[in-house]
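Q:
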Amino acid sequence: MDITALGTNGYLRVHDFVIPFQEKGAPFYEASNSRFAKLSIGIEPVPSEHVIDTDLPLEALMVREFAILVAGINKKRKTQLAMDGVMASSEKGFEPVEVVS
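Here the sequence shown is numbered in full-length UniProt numbering, starting from 1 and rising by one per residue.
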């Protein structure tokens, strides 16, 4: 599966986004200031390939990132409660409100 993003300032393509075929590397292609080539049969300049090497397989990195996100739920929950309190206060004309966790 590929993901391609085109914009006015460049081009980005990530190949094999869902299931990586390289254990310890993630390749992607990018081109800055790209435009259509003559006769619209490509883009100029030709995208260059970059590979991000990792010390662990990509699946292990995904599990580690998921664990970090799960561990941060309590902190995010407290932030959300504070933001909900601010919103409730503003809706009541900026009166004090009780924030219960």
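Idealized CB from N, CA, C, for every residue including glycine. Since the model is a prediction, treat every value here as computed from it, not as a measurement.
Note down the Cα distance separating Gln22 from Arg64, rounded to an integer number of angstroms.
A: So the two alpha carbons sit approximately 18 Å from each other.
Q: Please identify the residue among Phe94, Gly7, Met62, Arg77 whose C-alpha is closest to the C-alpha of Asn33.
A: Per the Cα distances, Gly7.
Q: Can you look up Gly85 in the DSSP assignment and give me helix, strand or coil?
A: Here Gly85 sits in helix by DSSP.
Q: For Ile41, name the three-state secondary structure that DSSP assigns.
A: Ile41 falls in the coil class under three-state DSSP.
Q: When the Cα atoms are used, what is the spatial distance from Thr79 to Ile68?
A: Rounded to whole angstroms, Thr79 to Ile68 spans 17 Å at the Cα level.
Q: Cβ atoms of Thr4 and Gly25: under 8 Å apart, would you say?
A: No, they are not a contact pair.
Q: Apart from the five residues just before and just after Leu61, which ones in its own chain have a Cβ nearer than 7 Å to its Cβ?
A: The answer, listed in chain order, is Thr54.
Q: Rounded to whole angstroms, how far is the Cβ of Glu30 from the Cβ of Pro45, which I believe are closer than 8 Å?
A: So it is not a contact: roughly 10 Å between Cβ atoms.
Q: Excluding the five sequence neighbours on either side, which residues of its own chain have a C-beta within less than 8 Å of the C-beta of Asp2, listed in chain order?
A: Excluding residues within five positions, the ones whose Cβ falls inside 8 Å are Arg13, Val14, His15, Asp16, Phe17.
Q: What did DSSP end up calling Val70 once you bin it into helix, strand or coil?
A: Three-state result, Val70: helix.
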